[in-house]
Amino acid sequence: MSSSFATSQAVDQAVLHLKQGELVAIPTETVYGLGADATNEQAVATIFRLKGRPSFNPLITHFYSKQAAFEHVEANATAEALADAFWPGPLTLVLPKKKTSPLVAAISAGLDTIGVRVPAHPLTQDLLERVGLPIAAPSANPSEALSPTTAAHVRQYFADNPLLAQILDGGPCQSGLESTVMGFDTEKRVVILRPGGLSFETLTSFLGYAPSTPSASDPIKSPGQMLRHYAPRRAQVRLNAHDIKPHEALLAFGPTTLSAPYMRNLSVTGNLEEAASNLFAMLQELDACGAQTIAVMPIPTLGVGVALNDRLRRASVKSNSLV
Ligand code: TXA
Ligand code: MG
Numbered sequence: 012m013s014s015s016f017a018t019s020q021a022v023d024q025a026v027l028h029l030k031q032g033e034l035v036a037i038p039t040e041t042v043y044g045l046g047a048d049a050t051n052e053q054a055v056a057t058i059f060r061l062k063g064r065p066s067f068n069p070l071i072t073h074f075y076s077k078q079a080a081f082e083h084v085e086a087n088a089t090a091e092a093l094a095d096a097f098w099p100g101p102l103t104l105v106l107p108k109k110k111t112s113p114l115v116a117a118i119s120a121g122l123d124t125i126g127v128r129v130p131a132h133p134l135t136q137d138l139l140e141r142v143g144l145p146i147a148a149p150s151a152n153p154s155e156a157l158s159p160t161t162a163a164h165v166r167q168y169f170a171d172n173p174l175l176a177q178i179l180d181g182g183p184c185q186s187g188l189e190s191t192v193m194g195f196d197t198e199k200r201v202v203i204l205r206p207g208g209l210s211f212e213t214l215t216s217f218l219g220y221a222p223s224t225p226s227a228s229d230p231i232k233s234p235g236q237m238l239r240h241y242a243p244r245r246a247q248v249r250l251n252a253h254d255i256k257p258h259e260a261l262l263a264f265g266p267t268t269l270s271a272p273y274m275r276n277l278s279v280t281g282n283l284e285e286a287a288s289n290l291f292a293m294l295q296e297l298d299a300c301g302a303q304t305i306a307v308m309p310i311p312t313l314g315v316g317v318a319l320n321d322r323l324r325r326a327s328v329k330s331n332s333l334v
């Protein structure tokens, strides 16, 4: 695998790799993605293989612009307005796939929709413009593991794996939590399929109504919402900790008197955006220290705190089944 820096030359190289059907890890403002040409069947199959991802879990496809994205999907007025307001940014729109779209079927994983997004990272925008292809990209981690928010995280997962041609290093991801994934009900009202970087409150005030949230009885709409997900490799996760037990590592939030030999604070001042950008990296660090359990202090379910709690809840689940 070639190492690369955030240079125009590295982007040129990534363009070549992608055009040849190879995989490139790309930085976005949310997390790093494992990118491949979304019109190339072999390339998309390699994403599923490298991640160990179940074939029923669809992939988000990334575009340079709203116009490029909407060539592949049947947009509606609300989708248009959301795209105008929040792209480039942490929003994925799940919309019916146009019959004319050349995106390979595996991306939709048996559904008749595609998740489309225009990411905000300048390096990846440059890449998307130059490559001129739709790029399918799930988060660049093995299935169920913590999402990578630095190029080093991606390297830890996939270094020396010949299936990954290049890691484009765009520095640490700014927001640190994946995009908010949303679909539409039969009345074209917004349904949140995965909470994410774009908060429920922001969406509610934009839409003028509270969008509905995933229901446990409706798994097919959100096949990627595995119950166990975003999990540390070794440590268990204990949520809403008000105390700390011997041999536990501590993931604190806000001012606290709790302490442990291994501890990190998501945000000493209790800032949820800061906590979101630190979440995956701090879980990785505490996991690496060898503690059996990571105790996590309560985090308010406000703003991006909803998505933070969603990731932590899934990280704490011991075995998998669909919600
Ligand atoms: O921020 C992000 O969204 C990152 C960056 C790389 O863009 N990507 C990401 O991809 O988180 P991934 O594959 O880890 O998660 C994609 C989520 C899954 O929960 C998947 O089920 C859902 O989006 N999804 C994708 N296409 C869908 C579709 N057609 N219908 C319903 N859900 C879909
Ligand atoms: Mg993921």
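Going by the working numbering, the sequence shown opens with residue 12, and the numbers climb by one from there.
Backbone N, C-alpha and C fix where the C-beta goes; we use that ideal spot for every residue, glycine too.
Of the listed residues the options, nearest to residue i (C-alpha basis)
i: E285; options: F264, M274, L102 and S270; result: F264
i: L188; options: S150, T224, D180 and N172; result: S150
i: C184; options: F195, A163 and V192; result: A163
i: A94; options: P153, D196 and V129; result: V129
i: T156; options: S270, F169 and Y220; result: Before going further, note that residue 156 is Ala rather than Thr in the sequence given. For A156, the nearest C-alpha among the options comes from F169.
i: T89; options: P243, G63, D137 and L218; result: L218
i: N172; options: Q247, P153, E140 and S158; result: P153
i: L138; options: P311, T268, T267 and A36; result: A36
i: L269; options: Q167, I71, V307 and L122; result: V307
i: G301; options: T41, A252 and P272; result: P272
i: R64; options: I118, L102, Q247 and L319; result: I118
i: S223; options: S216, L204, I178 and T135; result: L204
i: L5; options: P133, S190, G143 and E91; result: Shown here, the chain extends from 12 to 334; a query on residue 5 therefore has no answer.
i: Q78; options: L144, D123, E52 and T41; result: L144
i: N251; options: V127, P311, S76 and E33; result: P311
i: M193; options: S288, H253 and L214; result: L214
i: D321; options: S66, A80, P206 and A131; result: P206
i: V315; options: A326, N282 and A299; result: N282
i: S158; options: G121, Y241 and S288; result: Y241
i: L122; options: S66, P133 and P101; result: S66
i: E198; options: K62, N87, D254 and S76; result: N87
i: L134; options: N68, P101 and T39; result: T39
i: T280; options: A326, S76, Y220 and P266; result: P266
i: G181; options: I146, F81 and Q136; result: Q136
i: K30; options: I146, F81 and N68; result: I146
i: A326; options: S288, Q247 and E140; result: Q247
i: E52; options: A120, Q167 and D254; result: A120
i: H339; options: R166, P309, V165 and K62; result: Outside the displayed span of the chain (12 to 334) sits residue 339, for which this structure offers no information.
Cβ-Cβ separation, residue j to residue i (assumed contact under 8 Å), whole Å
i: H83; j: K108; result: 7 Å
i: S45; j: A148; result: First, the amino acid is wrong: residue 45 is Leu here, not Ser. Indeed, because the Cβ distance is near 6 Å, the residues count as touching under 8 Å.
i: V328; j: R239; result: 4 Å
i: R60; j: L174; result: 7 Å
i: L10; j: I305; result: Any answer about residue 10 is impossible in this case: the structure gives the chain only from 12 up to 334.
i: T41; j: S210; result: Not a contact, Cβ separation roughly 13 Å.
i: A25; j: Q177; result: 6 Å
i: V105; j: G126; result: 5 Å
i: A54; j: P99; result: Going by Cβ atoms, the distance from A54 to P99 rounds to 23 Å, so no, they are not a contact pair.
i: T50; j: P101; result: In fact, because the Cβ distance is near 24 Å, the residues do not count as touching under 8 Å.
Test: residue i CB closer than 8 Å to a CB of chain E
i: L104; result: Of the protein chains in the structure, only one exists, and it is not chain E.
Residues bridged to residue i (per DSSP)
i: K108; result: V84
i: S150; result: G44
i: M293; result: DSSP lists no partner for M293.
i: Q247; result: T304
i: S66; result: DSSP lists no partner for S66.
i: S223; result: V202
i: V127; result: T72 and L104
i: N51; result: Bridge partners of N51: none, in fact.
i: R275; result: L262
i: F195; result: V201
Residue i classed as buried or exposed, judged by whether at least 16 other C-beta atoms fall within 10 angstroms
i: H28; result: buried
i: F97; result: buried
i: R200; result: exposed
i: G208; result: buried
i: D48; result: buried
i: F74; result: buried
i: A21; result: buried
i: E85; result: exposed
i: A318; result: buried
i: V115; result: buried
i: T18; result: exposed
i: T161; result: buried
i: D196; result: exposed
i: Y43; result: buried
i: P243; result: buried
i: E33; result: buried
i: D23; result: exposed
i: S80; result: Strictly speaking, residue 80 in this sequence is Ala, with Ser absent from that position. By the 10 Å Cβ count, A80 comes out buried.
i: S216; result: exposed
i: R275; result: buried
i: A92; result: exposed
i: I231; result: Because the pLDDT at I231 is just 47, under 50, the model does not fix this residue reliably, and the value given afterwards should be weighed accordingly. Counting Cβ neighbours within 10 Å, I231 comes out exposed, since fewer than 16 surround it.
i: A287; result: buried
Proximity test, residue i beta-carbon vs the ligand GTP heavy atom, cut-off 7 Å
i: P311; result: Of the ligands one can find in the structure shown, namely the ligand TXA and the ligand MG, none is the ligand GTP.
* To do: For the segment 252-259 and the segment 278-296, state whether three or more C-beta atom pairs, one from each stretch, are separated by less than 8 Å.
  => no
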